[in-house]
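A short worksheet on the structure shown next.
Number of protein chains: 2
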Amino acid sequence: MRKTVVARVPEPSAAVPPGTEAGAPVRASGIGPVQDDPASESLTERVYRELRLRLVTGRIAPGATLSSRGLAQELDVSPMPVREAVGRLVAESALEVHSKRYICVPAMTRARFQDLLHCRLLLEPEAARLALPFIEPAHLRLLVEADERLSASLVGGDAQKYMQSNFDFHFLIYGARAQLTMLHLIETLWLQFGPWMRVVYGRVGTAHLLDRHKQALQAIREADAEALAKAIHDDIAEGMGLIGLTGLDP
Amino acid sequence: MRKTVVARVPEPSAAVPPGTEAGAPVRASGIGPVQDDPASESLTERVYRELRLRLVTGRIAPGATLSSRGLAQELDVSPMPVREAVGRLVAESALEVHSKRYICVPAMTRARFQDLLHCRLLLEPEAARLALPFIEPAHLRLLVEADERLSASLVGGDAQKYMQSNFDFHFLIYGARAQLTMLHLIETLWLQFGPWMRVVYGRVGTAHLLDRHKQALQAIREADAEALAKAIHDDIAEGMGLIGLTGLDP
DNA sequence: GTCTTTCAGGTGTGATCGCACCATGCGCAA
DNA sequence: TTGCGCATGGTGCGATCACACCTGAAAGAC
Numbered sequence: 239m240r241k242t243v244v245a246r247v248p249e250p251s252a253a254v255p256p257g258t259e260a261g262a263p264v265r266a267s268g269i270g271p272v273q274d275d276p277a278s279e280s281l282t283e284r285v286y287r288e289l290r291l292r293l294v295t296g297r298i299a300p301g302a303t304l305s306s307r308g309l310a311q312e313l314d315v316s317p318m319p320v321r322e323a324v325g326r327l328v329a330e331s332a333l334e335v336h337s338k339r340y341i342c343v344p345a346m347t348r349a350r351f352q353d354l355l356h357c358r359l360l361l362e363p364e365a366a367r368l369a370l371p372f373i374e375p376a377h378l379r380l381l382v383e384a385d386e387r388l389s390a391s392l393v394g395g396d397a398q399k400y401m402q403s404n405f406d407f408h409f410l411i412y413g414a415r416a417q418l419t420m421l422h423l424i425e426t427l428w429l430q431f432g433p434w435m436r437v438v439y440g441r442v443g444t445a446h447l448l449d450r451h452k453q454a455l456q457a458i459r460e461a462d463a464e465a466l467a468k469a470i471h472d473d474i475a476e477g478m479g480l481i482g483l484t485g486l487d488p
Numbered sequence: 239m240r241k242t243v244v245a246r247v248p249e250p251s252a253a254v255p256p257g258t259e260a261g262a263p264v265r266a267s268g269i270g271p272v273q274d275d276p277a278s279e280s281l282t283e284r285v286y287r288e289l290r291l292r293l294v295t296g297r298i299a300p301g302a303t304l305s306s307r308g309l310a311q312e313l314d315v316s317p318m319p320v321r322e323a324v325g326r327l328v329a330e331s332a333l334e335v336h337s338k339r340y341i342c343v344p345a346m347t348r349a350r351f352q353d354l355l356h357c358r359l360l361l362e363p364e365a366a367r368l369a370l371p372f373i374e375p376a377h378l379r380l381l382v383e384a385d386e387r388l389s390a391s392l393v394g395g396d397a398q399k400y401m402q403s404n405f406d407f408h409f410l411i412y413g414a415r416a417q418l419t420m421l422h423l424i425e426t427l428w429l430q431f432g433p434w435m436r437v438v439y440g441r442v443g444t445a446h447l448l449d450r451h452k453q454a455l456q457a458i459r460e461a462d463a464e465a466l467a468k469a470i471h472d473d474i475a476e477g478m479g480l481i482g483l484t485g486l487d488p
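Chains as they are written, first to last, in this note's numbering: chain S, 239 to 488; chain D, 239 to 488.
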């Protein structure tokens, strides 16, 4: 998911207003949207962020088919915000609408996968390299915590928590330096391979990824940009390699 | 005002029963790229592409404010497809909605500009390098034509044609190899700096960009990947430098 | 004349309705 | 029992209406 649009609205992350959320399901009775809480983001935005989260954490399986009305009911909004949110994700190649019939995750071809991998290897090590000087002790602490959550999720068998922790780990690094454009590009990539990343979890070799994270942490402590870039590079290459092993479509 | 279903089903005049129709387009089983018949793209798609074109060719000025209803009237569609298209562009950071009041091009800060430039320099030379082996004589011919159109537009004083030709030139190179993901990322970047690129036109130094294009063409003829990457790199750096010279917001 | 107030118009957002399309399945006929 | 045809339900897309909000300028008060 998107990391707090720093330069825009100072509005708090809105990550956890479940209380108000439950109280204000505008799901009105015929009459207007009411929308009395001006601080709240738009419904479209909320749905958009929720779907992004689900994609990045692999909660939307590649084969599954979605529908705007179905999602609307599930998220307790009208189909309208869902339609808009889905449209945005379609523009980002994160979803696809097939012949105006159903919504699903785009197929993964070998060529597309290589393309995706190439882009990641181009952007992410560089993003990490650039961000390194901006990683402060507080940041490092968060990184270690994310890494611990990741280890725990491997032991505990919580796939979704694993995905979330992995996402947190990477974007805590990249996001240390406020380079929104590059961050956004990388997020777009994660949106696309996220659903497929799920198969990595629990696979032989997943443990290796932990080593890469350890190497990254060590590189950060030593302020060694090259070592950090290499650790990220290897983490990506190995992780994506685990996906690539499973037979792709074509 | 507009009269309804224009773009929809022109007519089934050919009287082709659905059964025989299935003969031509092999309805791919299950999921696949498929690329539904381009004949009847949705209105949203049409508006989306039109707005993208306008952004990339600098036809939407940084300062200008847009409105859904205004665009709808201008493009002769209802506000609905415009709203969706704008939403997609907002997701790509190509447009912005200010406090639910008006739509405009996002402000360009120095940091954002540097970020954008950095991403371009990371992706585009590499995209060109990768595409080089796939550039065939027919492609090269198109490239030369685009370059000639670009020169002509400088003489003729047609800013929009200049922008379009420049876009064509770059994406003819990158697109020689079908790497859709990387292409999409680069397009996202162009969408963001496009409106600001306009100020480059006619500026002192614009002629230098022509030299870079000539160098690129020569590199392609000689199949020199490094030289091509360097030409693209320099072209970007100089072109963006021309933008950077003009006082940015902060 | 200047300042305050109000109101009208316009905006993005959300809800609801209608349409063309397609897949599935029930019912009728062979 | 087996096969075909039509009806029904569900889909995405587009249009239209309703609402909260904000801005601009005109109208009023001093």
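Cβ coordinates follow ideal geometry from the N, Cα and C atoms, glycine included. Bear in mind that the values here come from a model prediction, so they are computed numbers and not experimental data.
Here the C-alpha atom of F431 (chain D) lies approximately 8 Å from the C-alpha atom of V294 (chain D). Taking a 10 Å sphere around the C-beta of G296 (chain D), we find 16 or more other C-beta atoms and assign the residue as buried. With its beta carbon at least 8 Å from every one in chain D, Q453 (chain S) lies outside the interface. Take H336 (chain D), set aside five residues on each side of it, and the residues of its chain with a beta-carbon closer than 8 Å to its own are C342, in chain order.
Annotated three-state conformation of T426 (chain S) is helix, per DSSP.
Against chain S, a Cβ distance below 7 Å from H422 (chain D) picks out S331. When C-alpha distances from K452 (chain S) are compared across S:R441, S:Q417, S:L466 and S:L361, the shortest belongs to S:L466. Using a CB distance cut-off of 8 Å, H356 (chain D) counts as an interface residue toward chain S. The C-alpha of R339 (chain S) is placed about 41 Å away from the C-alpha of P375 (chain D). By the neighbour-count criterion, in which 16 or more other beta carbons inside 10 Å mark a residue as buried, S280 (chain S) falls on the exposed side.
Contact of E374 (chain D) with chain S is not assigned, every C-beta pair being separated by 8 Å or more.
Per the DSSP secondary-structure output, V335 (chain S) pairs in a beta bridge with S:I341.
The C-beta of P319 (chain D) has 16 or more other C-beta atoms within 10 Å across all chains shown, which makes the residue buried. If one requires a minimum length of 3 residues, no beta strand (DSSP E) run lies completely within the region 410-481 of chain D. When the five nearest sequence neighbours on each side are left out, the beta carbons in the same chain lying within less than 6 Å of the beta carbon of R358 (chain S) are those of L427 and I474, in order along the chain. Scanning D:A299, D:I411, D:E322 and D:P300 for the CA closest to the CA of R307 (chain D) turns up D:E322.
With fewer than 16 other beta carbons inside 10 angstroms of its own, G479 (chain S) counts as exposed. In this structure, L360 (chain S) and E386 (chain D) do not form a Cβ contact; the two beta carbons are roughly 32 Å apart against a cut-off of 8 Å. Per DSSP, A299 (chain D) lies in no alpha helix (DSSP H) segment and is marked neither H nor E. A straight line joining the alpha-carbon of A349 (chain S) with that of H356 (chain S) spans about 10 Å. In terms of Cβ geometry, A469 (chain D) and R450 (chain D) form a close pair [threshold 8 Å]. Taking C-beta atoms under 8 Å as the contact rule, L291 (chain D) and L327 (chain D) fail to qualify, at a distance of about 12 Å. Chain order gives no chain D residues near E288 (chain S), where near means a beta carbon separation below 9 Å; the closest approach is about 14 Å.
Judged by DSSP secondary structure, L368 (chain D) falls within the alpha helix (DSSP H) whose first and last residues are R348 to A369.
Using a 10 angstroms sphere on the CB of F372 (chain S), the tally of other CB atoms stays under 16, which defines it as exposed. A distance below 7 Å between beta-carbons, with the five flanking residues on each side excluded, links T303 (chain S) to the following residues of its chain, in chain order: Y340, I341 and C342. For L291 (chain S), no pairing in a beta bridge is given by DSSP. Those residues of the region 424-439 of chain S placed with their C-beta closer than 8 Å to a C-beta in chain D are T426, L427 and Q430, ordered along the chain. In this structure R379 (chain D) is exposed. Its beta-carbon is surrounded by fewer than 16 other beta-carbon atoms within 10 angstroms. At a Cβ-Cβ threshold of 8 Å, L455 (chain D) and L410 (chain D) do not count as neighbours. Interface with chain S (8 Å Cβ-Cβ cutoff): L418 (chain D) is included. Under DSSP, the beta-bridge partners assigned to L304 (chain D) are D:I341.
Per the C-alpha coordinates, the member of D:A329, D:D314 and D:T282 positioned closest to R287 (chain S) is D:A329. Around the CB of Q402 (chain D), 16 or more other CB atoms lie within 10 Å, so the residue is classed as buried.
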